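Shown next, in structure tokens, is the structure this report addresses.
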Amino acid sequence: MADGSSGALPRPLDPDALARALAGQRLGRRIVYRASATSTSDLAWEAAALGEGEGAVYVAEEQTAGRGRLGRAWHSAPGRGLWLSVLLRPGIEPVRWPLLTVAAALAAAETIEAVAGLPARIRWPNDVLLGERKVAGVLAEARGPGGATGAAATGPSAAAPGAAPAAAGAAVVLGIGVNVSQEIGEFPDELRPLATSLRAAGARRTDRAALFVTLLRALDARYAQVRADDRRTLAPAWRRYSGILGRRVRLLVAGAELDGEVADVEPVDGIPLRRRDGTLKTGRAEHVSRLLLQSPE
Amino acid sequence: MDLEEIERLVKIMNDNQLSELEYEDQGRKVRLRKGSDAAVNPLALMGASVMPGQLLPASSAHPTPPSVAGAAPVPSDLIDITSPLVGTFYRSARPDAKPFVQVGEELLLDRVLCIVEAMKVMNEIKTEFDCVVREILPKNGDPVEFGQVLFRVKKK
């Protein structure tokens, strides 16, 4: 327990020391630190609008309006976790952006395993679990125009109707939250049965600076694999850290519910489910809007 | 003057069996003429950089707008906004929030139209120009494909 006794506020992060530890790598070339922010992703988007380049990282001790998927709040208490956002300009087609979630979730799981010594698993595609409880989460946000086609379309994306819209320079903000030192009782009532922190789960270390640096190094490496479309490296890691492989799940795929046991996980191709009658049915990854883990039978 | 007005003029021509009609409004003139001798591609006439949605923009630098050929069907002035990725289409930021946009709504540049989510990448699709929403094709929560038309808008 490197951060001292529970109850005391952990030492604030030192952005200069973090930047020195990450010198020379793509992600973390600039670190912006705030005691408090609405959301670190808001900081990243403000900077992106002013032309900030890839690799800037925004970290805050506290988020007053941290966000989860579809507007759900992300509870981020002062000093109790690692709340950060990374500004990316991936230069890859938007159809491959889902791999950014893969990179970030893998990096978070690898970091928790390496620093805290705990067996982190990914509840497809963006939650990191210790046991059945969520300890970290990832949310990627992209903003930009859609494609535009039609007789009256203008702009670069109209040059070849049906072609991939121009993605060069498009920004994606990866938000990552890790619960580090909360006691279970500190979580809001509705999260208490569902959430945990590294400390509460018995981590051997909860040093946030070590977590930050390890996370950014892991993310830098995984991100390079995504840009290179190196699925031969990503896929085995995605299976290794999967928290759903072999589990019974219920998927909401394209509006239809699908039950079965997860036969495989592949970063993009989808989730083949073994159904009760022994047949396999694959839910297309991008069309899975919800995944519920069923209790083991 | 916009395409709707031109369409009305074409209707007047058809209703009254006119072969030619000249119309002037606030310093802008349009002359419509039926017949094969006028079968000129309006796009070619106006230069490739001017698109049908901008046939007669209010701030047009053209002192005399060129003729609009014939009474053939007016080219669609609607722009399709398509999905840049495979995912799930959401019309609002939260299930209980009001939709980002409605049909008929006038939108300025950089306005969020929808979210297409794929593996927790929340992709906000924004307007690239001022426009009016004419059609919203998928329903909230529908799966969408790459290149699928999400919105039809009219450029302003």
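Chains V and E are the protein sequences, given in the same order. Position 66 of the first sequence, counting from 1, maps to 66 under our numbering, and the rest follow consecutively. Quick note, our numbering runs 297 ahead of the 1-based positions in the second sequence. We put the CB at the ideal spot given by N, CA and C, even for glycine. Every value quoted in this text rests on a predicted model; they were computed, and no experiment measured them.
What residue does the beta strand (DSSP E) around residue i start on, and which one ends it?
| i | result |
| --- | --- |
| L273(V) | I271 to R274 |
| A142(V) | R133 to P145 |
| F386(E) | G384 to Y387 |
| R248(V) | R248 to V253 |
| G283(V) | L280 to G283 |
| R290(V) | V288 to L293 |
Strictly below 8 Å CB to CB, what residues from chain C border residue i?
| i | result |
| --- | --- |
| W97(V) | Protein chains in the displayed structure are V and E, and chain C is not among them. |
Going by CA-CA distance only, name the one from the options that's closest to residue i.
| i | options | result |
| --- | --- | --- |
| L293(V) | Q225(V), E132(V) and A142(V) | E132(V) |
| F187(V) | S242(V), V173(V) and W74(V) | W74(V) |
| S191(V) | V138(V), K281(V) and S76(V) | The amino acid occupying residue 191(V) in the given sequence is Leu; Ser does not appear at that position. Taking only the C-alpha atoms, the option nearest L191(V) is S76(V). |
| G177(V) | A105(V), P10(V) and V253(V) | A105(V) |
| R388(E) | E414(E), L447(E) and P396(E) | P396(E) |
| G278(V) | G260(V), V288(V) and L291(V) | G260(V) |
| G79(V) | G243(V), E54(V) and Q182(V) | Q182(V) |
| A203(V) | R26(V), A19(V), N179(V) and E54(V) | N179(V) |
| N126(V) | F426(E), D427(E) and V418(E) | V418(E) |
| P440(E) | A415(E), A394(E) and I376(E) | A415(E) |
| R240(V) | L18(V), D229(V), P12(V) and A109(V) | A109(V) |
| A256(V) | L382(E), P381(E) and G438(E) | G438(E) |
| G81(V) | G169(V), G146(V), E46(V) and P10(V) | P10(V) |
| E61(V) | L43(V), A218(V), A44(V) and A35(V) | A35(V) |
| E432(E) | L404(E), Q399(E) and L405(E) | Q399(E) |
| D407(E) | K453(E), V383(E), F426(E) and V430(E) | F426(E) |
| A19(V) | A228(V), F212(V) and I244(V) | F212(V) |
| E403(E) | V383(E), V413(E) and C428(E) | C428(E) |
Tell me, please, which residues DSSP counts as bridged to residue i.
| i | result |
| --- | --- |
| E62(V) | S36(V) |
| A454(E) | Nothing about residue 454(E) can be read from this structure; chain E reaches only from 298 to 453. |
| N179(V) | G81(V) |
| R449(E) | D377(E) and E432(E) |
| L258(V) | L251(V) |
| E186(V) | In DSSP, E186(V) forms no bridge with anything. |
| P396(E) | DSSP, once it has assigned bridges, lists no residue as partnering P396(E). |
| P193(V) | Its beta-bridge partners do not exist; DSSP assigns none. |
| V268(V) | In the DSSP output, where bridge partners are listed per residue, V268(V) has none listed. |
| T149(V) | D377(E) |
| P440(E) | T385(E) |
| I31(V) | V57(V) |
| L43(V) | DSSP lists no partner for L43(V). |
| E403(E) | V429(E) |
| L50(V) | BP columns for L50(V) are empty, so no partner. |
| L88(V) | V172(V) |
Apart from the five residues just before and just after residue i, which ones in its own chain have a Cβ nearer than 6 Å to its Cβ?
| i | result |
| --- | --- |
| G28(V) | L22, V57 and L216 |
| I112(V) | L118 and A120 |
| A164(V) | Legend: pLDDT at A164(V) = 41, less than 50; position of this residue unreliable, value from coordinates given subsequently. Contacts found: E93. |
| T196(V) | L130, R133 and V135 |
| A285(V) | V268 and G270 |
| A210(V) | V115 |
| P15(V) | I31 and Y33 |
| R290(V) | L252 |
| A201(V) | L118 and L130 |
| T64(V) | T38 |
| V409(E) | F397, E421 and K423 |
| G144(V) | A170 |
| G55(V) | R26, L27 and R29 |
For residue i, I'd like the list of residues in its chain whose CB is within less than 8 Å of its CB, leaving aside the five on either flank, ordered along the chain.
| i | result |
| --- | --- |
| S41(V) | Y58, R67, S85, L139, E141, V173 and G175 |
| A97(V) | Before going on, a small fix: residue 97(V) reads as Trp here, not Ala. Contacts found: P90, A140, A142 and V172. |
| L234(V) | L99, V102, A103, L106, R222, Q225, V226 and P267 |
| A247(V) | The sequence given here has Arg at residue 247(V), not Ala. Result list for R247(V): E261, V262, L293, Q294 and P296, in chain order. |
| L273(V) | V249, L251, L258, D259, G260, E261, V262, A263, L280, K281, T282 and G283 |
Go to residue i, then tell me how far its alpha helix (DSSP H) extends in each direction, as first and last residue.
| i | result |
| --- | --- |
| L18(V) | P15 to A21 |
Please list, in chain order, all residues of the same chain as residue i whose beta carbon is under 7 Å from its beta carbon, the five residues on each side excluded.
| i | result |
| --- | --- |
| T379(E) | G444, Q445, V446 and L447 |
| A254(V) | H287 |
| D377(E) | V446 and R449 |
| E52(V) | L87 |
What are the start and end residues of each continuous alpha helix (DSSP H) run of 4 or more residues lying completely inside the stretch 195-241 of chain V, in chain order? 208-227 and 231-240
Minimum length 4: unbroken alpha helix (DSSP H) runs contained in the stretch 92-128 of chain V: 98-111
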